[in-house]
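So the number in the working numbering is just where the residue sits in the sequence shown, counting from 1, plus 203.
C-beta: ideal position from N, C-alpha, C; glycine also.
The structure presented is a predicted model; accordingly, all values stated were derived computationally and were not measured.
One structure below.
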Amino acid sequence: MATLPIIATVGFAVDYSRANAVKAAMQAALDSTALMISKEAATDTNTQLQTNAQKYFLALFARPDATNVTVTANFTTDGGTSVVVNGATDVPTSILAAIGYGAITVSGSSTAKWGSNLLRVALVLDNTGSMADAGKMSALQSATKSLLTQLQTASSNIGDVYVSIVPFVKDVNLGAANYSSNYLDFTTWKAEPPYIANNKPSGWDQVNGGDSCPFSSSTHGFGCKTGPANNASSTSTTPSSGTYAGYICPGMDNGNKLPLQNSIYYNGCYNSVQSTRTIASGSGASCGTATNCSCSGGGSNKVCTQTYYVHNWISNSNSTWNGCVVDRGNSGAPDTVGSYDTNAVSTDITIPSTLYAAQQYGSCPQAVMGLNYDWTSMKSLVDNMSPAGSTNQALGLQLGWMSLVGGGPFSVPAYKTGYTYSKVIILLTDGLNTQDRWYGNGSSLGTSDDAKIDARQALTCANAKAAGITLYTIQVNTGGDPTSTLLQNCASTSDKFYLLTSASQIIAAFTKIGTDLSQLRVAK
Numbered sequence: 204m205a206t207l208p209i210i211a212t213v214g215f216a217v218d219y220s221r222a223n224a225v226k227a228a229m230q231a232a233l234d235s236t237a238l239m240i241s242k243e244a245a246t247d248t249n250t251q252l253q254t255n256a257q258k259y260f261l262a263l264f265a266r267p268d269a270t271n272v273t274v275t276a277n278f279t280t281d282g283g284t285s286v287v288v289n290g291a292t293d294v295p296t297s298i299l300a301a302i303g304y305g306a307i308t309v310s311g312s313s314t315a316k317w318g319s320n321l322l323r324v325a326l327v328l329d330n331t332g333s334m335a336d337a338g339k340m341s342a343l344q345s346a347t348k349s350l351l352t353q354l355q356t357a358s359s360n361i362g363d364v365y366v367s368i369v370p371f372v373k374d375v376n377l378g379a380a381n382y383s384s385n386y387l388d389f390t391t392w393k394a395e396p397p398y399i400a401n402n403k404p405s406g407w408d409q410v411n412g413g414d415s416c417p418f419s420s421s422t423h424g425f426g427c428k429t430g431p432a433n434n435a436s437s438t439s440t441t442p443s444s445g446t447y448a449g450y451i452c453p454g455m456d457n458g459n460k461l462p463l464q465n466s467i468y469y470n471g472c473y474n475s476v477q478s479t480r481t482i483a484s485g486s487g488a489s490c491g492t493a494t495n496c497s498c499s500g501g502g503s504n505k506v507c508t509q510t511y512y513v514h515n516w517i518s519n520s521n522s523t524w525n526g527c528v529v530d531r532g533n534s535g536a537p538d539t540v541g542s543y544d545t546n547a548v549s550t551d552i553t554i555p556s557t558l559y560a561a562q563q564y565g566s567c568p569q570a571v572m573g574l575n576y577d578w579t580s581m582k583s584l585v586d587n588m589s590p591a592g593s594t595n596q597a598l599g600l601q602l603g604w605m606s607l608v609g610g611g612p613f614s615v616p617a618y619k620t621g622y623t624y625s626k627v628i629i630l631l632t633d634g635l636n637t638q639d640r641w642y643g644n645g646s647s648l649g650t651s652d653d654a655k656i657d658a659r660q661a662l663t664c665a666n667a668k669a670a671g672i673t674l675y676t677i678q679v680n681t682g683g684d685p686t687s688t689l690l691q692n693c694a695s696t697s698d699k700f701y702l703l704t705s706a707s708q709i710i711a712a713f714t715k716i717g718t719d720l721s722q723l724r725v726a727k
């Protein structure tokens with residue numbers, strides 16, 4: 204009898220040590236399980252939540268000395284959104300069994316609670332022509348949709364995560380339906396094609412209705428597509444009668460009948476106002492080789508007059524705009540005072556250089572989508588992206604930033620009190636800058652003009668980071684281009700720059716970023 208307390212003490216120490224080891228293993232498994240199921244808890248049914256909890260827990264908790272294992276999970280939004288996972292098990296005793304204690308029950312609990320950090324993410328995505336190579340566009344579409352699913356999962360409540368999408372080429376599409384908005388400047392869009400204005404074709408003032416248009420495919424880069432102001436005709440002669448008699452619409456696009464030069468369409472036609480002029484008078488007057496000439500009178504009163512046309516540029520309605528815009532600033536160069544192409548200062552109708560200049564770019568991408576949580580519509584936009592055009596990362600980045608803070612074409616949802624907001628831009632491109640509103644020709648690499656585009660973008664990167672924006676940059680370098688120092692420096696930290704050498708790596712990069720962003724939302 205005297206040895207029983209000693210046996211009990213020793214048994215308690217041995218069996219309790221074993222139970223503690225089981226409890227530690229259980230707690231680790233519960234913690235991991237809570238974090239794992241938190242990724243889907245907001246959208247799981249209760250049955251799915253329990254099934255997933257058991258699946259993850261039992262995969263992690265492999266203790267043969269534990270029996271009667273139970274695990275339950277509960278998702279709640281009371282007092283803040285959280286997932287609570289509880290577990291219990293029996294640990295059979297060895298020595299204590301001799302005095303009637305056959306097992307020690309251990310239990311644990313773990314909570315994964317969504318913190319007060321809410322996300323607003325701008326996806327700035329390269330849609331340029333080179334994205335058609337090496338499977339890059341299809342990989343980008345798959346990766347983006349997967350990332351959207353991750354972000355949707357991280358949103359335990361509607362509105363916890365908002366996303367905007369800004370597809371970019373040389374231009375960005377703000378939506379053709381917004382043509383009457385006060386953040387747009389149509390001055391250049393409505394203007395006469397400058398090359399024609401400064402270099403009128405020979406015979407420009409002698410074209411009659413019904414005559415051939417004075418353009419050819421080798422004349423100033425313009426061809427001849429003439430017709431009425433609605434640009435519906437496919438003839439190559441000016442109408443000789445009717446409402447649009449004498450209208451001339453130079454172009455190269457065969458369908459839109461819009462003047463085209465360097466992939467830019469100009470919007471309108473020239474109407475032709477008939478007039479006359481005297482080219483000779485007196486008894487010796489004659490028309491000579493002049494066309495459309497006739498003489499009247501005789502002797503010293505003889506007058507020879509020529510019929511000619513004065514051509515006036517008539518722009519199309521703004522409603523025919525295709526939605527594309529170029530960088531903010533002055534028409535000939537950036538505005539170095541306000542530097543509006545490098546910041547997110549809102550547009551001001553009294554300051555033209557803050558407005559977005561409309562342009563009828565032939566390779567206009569999909570229209571932007573401001574901050575929202577319509578995951579289906581965002582995925583549809585991504586599916587409709589198509590590669591075309593040259594590269595202007597700077598414009599995409601600037602509009603991506605503005606989509607997060609509001610102004611111009613973007614409004615932002617109201618902020619919730621008591622929460623911290625993380626604003627993030629993910630910029631993906633497969634090439635170096637080749638053309639913006641002022642510099643570059645869309646194809647050359649490494650020129651001084653391209654360096655000027657990079658310099659403007661570097662300012663945007665610095666300004667955005669100074670404003671508290673987190674920047675991820677991704678270079679998909681499948682063509683052997685130099686590693687972009689611009690993108691490396693643009694990223695908020697070195698680990699937020701991704702250099703990829705194959706299209707297949709886009710999915711892994713987006714998944715990693717999505718995981719990083721999701722972890723901002725969940726705190727143990």
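Asp-530: which of Thr-254, Ala-315, Pro-417, Tyr-564 sits nearest, CA to CA? Within the sequence shown, residue 530 is the residue found at index 327, counting from 1. Considering only alpha carbons, the answer is Tyr-564.
Using a Cβ distance threshold of 8 Å, determine whether the segment 598-610 contacts the segment 566-582, with at least three qualifying pairs required. Segments in contact, yes.
If we require 4 or more residues per run, which alpha helix (DSSP H) segments fall completely within the segment 214-254? none
The segment 398-417 contacting the segment 541-558, beta-carbon criterion three pairs below 8 Å: Verdict: no, contact absent.
Do Pro-453 and Ile-517 have their C-beta atoms closer together than 8 Å? Working through the sequence shown from its first residue, we reach residue 453 at position 250. Working through the sequence shown from its first residue, we reach residue 517 at position 314. In this structure, Ile-517 does not lie closer than 8 Å to Pro-453 by Cβ.
Touch check for the segment 628-644 and the segment 317-334: three-plus C-beta pairs under 8 Å? In short, these stretches touch, since the Cβ pair count reaches three.
Could I get the ranges of all uninterrupted alpha helix (DSSP H) runs contained in the segment 335-386, with 4 residues as the minimum, in chain order? 339-357
Please say whether Ile-709 and Leu-343 have beta carbons closer to each other than 8 Å? One-based indexing of the sequence shown puts residue 343 at position 140. One-based indexing of the sequence shown puts residue 709 at position 506. Yes, the pair counts as a contact, with Cβ atoms nearer than the cut-off.
Buried or exposed: where does Arg-480 fall if 16 or more other Cβ atoms within 10 Å of its Cβ makes it buried? For the purposes of this step, residue 480 is identified with residue 277 of the sequence shown, where counting begins at 1. Exposed, since its Cβ has fewer than 16 Cβ neighbours within 10 Å.
Helix, strand or coil for Cys-507, going by three-state DSSP, please let me know. As a first step, residue 507 must be located in the sequence shown, where it is residue number 304. Strand.
DSSP beta-bridge partners of Ile-451: Reading the sequence shown from its first residue, position 248 is the one you call residue 451. Listed as beta-bridge partners of Ile-451 by DSSP are Tyr-473.
At a cut of 8 Å, does the segment 580-596 reach the segment 381-394 through at least three beta carbon pairs? no
Return the first residue and the last residue of the beta strand (DSSP E) that Tyr-675 is part of. Position 472 of the sequence shown, counted from the start, is the residue given in the question as residue 675. Here the beta strand (DSSP E) through Tyr-675 covers 673-679.
Between the CA atoms of Leu-321 and Ser-313 - distance to the nearest angstrom: Position 110 of the sequence shown holds residue 313. Position 118 of the sequence shown holds residue 321. Near 23 Å, if we compare the C-alpha coordinates of Leu-321 and Ser-313.
Based on DSSP bridge pairs, tell me the residues matched to Asn-515. Taking the first residue of the sequence shown as position 1, residue 515 is located at position 312. According to DSSP, which records beta bridges pairwise, Asn-515 is partnered with Asn-474.
Please determine, among Ser-333, Arg-323, Asn-360, the residue with the shortest C-alpha to C-alpha distance to Ser-285. Position 82 of the sequence shown, counted from the start, is the residue given in the question as residue 285. The candidate whose alpha carbon is nearest that of Ser-285 is Asn-360.
Does DSSP classify Ser-583 as helix, strand or coil? Position 380 of the sequence shown, counting from 1, holds the residue named residue 583. Three-state result, Ser-583: helix.
With Val-608 and Ala-547 assumed to form a contact (beta carbons below 8 Å), what rounded beta-carbon distance in angstroms separates them? Locating residue 608 in the sequence shown gives position 405, counting from the first residue. Locating residue 547 in the sequence shown gives position 344, counting from the first residue. Confirmed, about 5 Å.
For the structure I just gave you, are there three or more beta carbon pairs, one from the segment 227-238 and one from the segment 260-279, closer than 8 Å? Between the segment 227-238 and the segment 260-279 there are three or more C-beta pairs closer than 8 Å, enough to call the two in contact.
Can you give me the start and stop residues for the beta strand (DSSP E) that Leu-326 sits inside? Counted from its first residue, the sequence shown places residue 326 at position 123. Where Leu-326 is concerned, the enclosing beta strand (DSSP E) starts and stops at 320-329.
Buried or exposed: Tyr-512, going by 16 or more other Cβ atoms within 10 Å of its Cβ? Sequence index remark: in the sequence shown, residue 512 carries index 309 (1-based). So Tyr-512 ends up on the buried side.
Residue nearest to Arg-221 in terms of C-alpha spacing, selected from Ile-628, Ala-306, Ser-499: Locating residue 221 in the sequence shown gives position 18, counting from the first residue. Nearest option by C-alpha distance: Ala-306.
Quick one, which of Thr-356, Gly-362, Ala-291 has its alpha-carbon nearest Tyr-618's? As a first step, residue 618 must be located in the sequence shown, where it is residue number 415. The candidate whose alpha carbon is nearest that of Tyr-618 is Gly-362.
Start and end residues, beta strand (DSSP E) containing Cys-496: Here the question's residue 496 lines up with position 293 in the sequence shown. Note, Cys-496: beta strand (DSSP E), 496-499.
May I ask you to verify whether the segment 668-684 touches the segment 612-630, counting CB pairs closer than 8 Å and requiring at least 3? yes
Can you check whether the CB of Ser-367 is closer than 8 Å to the CB of Gly-412? Along the sequence shown, read from residue 1 onward, the residue named residue 412 stands at position 209. Along the sequence shown, read from residue 1 onward, the residue named residue 367 stands at position 164. Contact flag unset, no.
Extent of the continuous alpha helix (DSSP H) run through Asn-692: On the sequence shown, position 489 is the one that residue 692 refers to. Taken as a continuous stretch (DSSP letters only), the alpha helix (DSSP H) holding Asn-692 covers 688-693.
Quick one: what's got a C-beta closer than 6 Å to Gly-502's C-beta in the same chain, skipping five residues either side? Working through the sequence shown from its first residue, we reach residue 502 at position 299. Once the five neighbours on either side are set aside, the close Cβ partners of Gly-502 are Ser-486.
Limits of the alpha helix (DSSP H) - the one that Tyr-576 falls within: Your numbering for residue 576 matches position 373 in the sequence shown. Counting along the chain, Tyr-576 falls outside any alpha helix (DSSP H), and DSSP gives it neither H nor E.
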